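In the working numbering, the protein residues as written are 200 to 453. Where is the CB? At the ideal position from N, CA and C, for every residue including glycine. Just so we're clear, the structure is a prediction, and the values are computed from it rather than from any experiment. Heads up, the thing below is written out as structure tokens.
Put into structure tokens, the structure is as follows:
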């Protein structure tokens, strides 16, 4: 049964150091910012995070990076975070880069109880053959490299075996949720939030609007409450832009 919490701090209070977290969001869209901030305000560290990306400098998971709370990251894109790059290249952070679709399916498979699956993504590359630098040494050498993965041919095409992902906790953000944990996501926030929720043994959801059971029509529900253990209403997100690009205004002709 889903429990309703009065604050994000209460909802994440029992997350210990060393825990693994599946974190929803796509760029800075639909990230569980209040839950992340609550963890940052606590003492939990040595965390392993599974997320499409790791926030940006000063936003989202970037806050936990700056406080040195994250030990390892499994992600598909990390190009907008300078502190992330610095820690990784300095050997302070272990990073497992994974193709985006593969990461999504690893999370979904974990939530569905599927231990592994074959995919063509990564065949013929270091993703399958091994050797990707997971952690650098202080001298810039590769201290930990990815292992080779099993490959197999089906119908004259080669596939690589990828293992599913489950985590101790999942942190997700939804636009609307009811007190039974049924969730509705807004647009691109649906990309990774439902998958992260499925993969976490304990799923904690922050919602912008909390409603009573029966308000949401069954067809509106994008993640059923069976996957959600805790819910907290944090109100509207303060929308952030991951990378702002503006055009130069041409000066009017004399």
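(message) Can you give me the C-alpha to C-alpha distance between residue 359 and residue 314, rounded to a whole angstrom?
(response) On the chain shown, position 160 is the one that residue 359 refers to. On the chain shown, position 115 is the one that residue 314 refers to. A direct Cα-to-Cα measurement between residue 359 and residue 314 gives close to 14 angstroms.
(request) Could you tell me the boundaries of the alpha helix (DSSP H) in which residue 232 lies? (result) To locate residue 232, count along the chain shown from 1; it is residue 33. Judged by DSSP secondary structure, residue 232 falls within the alpha helix (DSSP H) whose first and last residues are 232 to 240.
(request) Within 10 angstroms of the Cβ of residue 383, are there 16 or more other Cβ atoms? Answer buried if so, exposed if not. (result) Within the chain shown, the letter at position 184 stands for residue 383. Buried is the call here.
(message) I'd like to check one pair, residue 252 with residue 277: are the Cβ atoms closer than 7 angstroms?
(response) Locating residue 277 in the chain shown gives position 78, counting from the first residue. Locating residue 252 in the chain shown gives position 53, counting from the first residue. Inclusion of residue 277 and residue 252 in the CB contact set at 7 angstroms is warranted, their separation being smaller than that value.
(message) Measuring CB atoms only, is the region 303 to 310 touching the region 280 to 288, in the sense that at least three cross pairs come out at less than 8 angstroms?
(response) No: fewer than three Cβ pairs fall under 8 angstroms.
(request) Using the DSSP secondary-structure output, state which residues sit across from residue 206 in a beta bridge. (result) By one-based count along the chain shown, residue 206 stands at place 7. None; residue 206 has no bridge partner.
(request) Measure the alpha-carbon distance for residue 206 versus residue 377 and round it to whole angstroms. (result) Locating residue 206 in the chain shown gives position 7, where the first residue counts as 1. Locating residue 377 in the chain shown gives position 178, where the first residue counts as 1. Looking at the backbone, the Cα of residue 206 and that of residue 377 are separated by about 16 angstroms.
(request) Return the chain-ordered list of same chain residues with a C-beta closer than 7 angstroms to the C-beta of residue 414, the five sequence neighbours on each side being excluded. (result) What you label residue 414 is simply residue 215 of the chain shown in a count that begins at 1. Correct list, in chain order: 377.
(request) For my contact list, residue 201 and residue 424 are in at a C-beta cut-off of 8 angstroms; report their separation, rounded to the angstrom. (result) As a first step, residue 201 must be located in the chain shown, where it is residue number 2. As a first step, residue 424 must be located in the chain shown, where it is residue number 225. Between residue 424 and residue 201 the Cβ distance is about 6 angstroms, and since that is below 8 angstroms, they are a contact.
(message) With H, G and I counted as helix, E and B as strand and the rest as coil, what does DSSP make of residue 310?
(response) Translated into the one-based positions of the chain shown, residue 310 becomes position 111. In the structure shown, the three-state DSSP call for residue 310 is helix.
(message) When you compare the CB positions of residue 293 and residue 265, do they come within less than 7 angstroms of one another, or not?
(response) Position 94 of the chain shown, counting from 1, holds the residue named residue 293. Position 66 of the chain shown, counting from 1, holds the residue named residue 265. The Cβ atoms of residue 293 and residue 265 lie no closer than 7 angstroms to each other.
(message) In whole angstroms, give me the CA-to-CA distance for residue 228 and residue 438.
(response) Locating residue 228 in the chain shown gives position 29, counting from the first residue. Locating residue 438 in the chain shown gives position 239, counting from the first residue. C-alpha separation (whole angstroms): 8 angstroms.
(message) Helix, strand or coil, according to DSSP, for residue 417 in the structure here?
(response) Residue numbering aside, residue 417 sits at position 218 when the chain shown is read from its first letter. Of the three classes helix, strand and coil, the one that applies to residue 417 here is helix, per DSSP.
(request) Tell me whether residue 386 is buried or exposed, calling it buried when 16 or more other Cβ atoms sit within 10 Å of its Cβ. (result) Within the chain shown, numbered from 1, the residue matching residue 386 stands at position 187. Residue 386 is exposed by the Cβ-count criterion.
(message) The alpha helix (DSSP H) that contains residue 287, what's its start and end?
(response) Taking the chain shown and counting its residues from 1, the one referred to as residue 287 is at position 88. Per DSSP, residue 287 belongs to the alpha helix (DSSP H) from 281 to 288.
(message) Tell me the rounded alpha-carbon separation between residue 426 and residue 326.
(response) As a working mapping, residue 426 is identified with position 227 in the chain shown. As a working mapping, residue 326 is identified with position 127 in the chain shown. About 30 angstroms.
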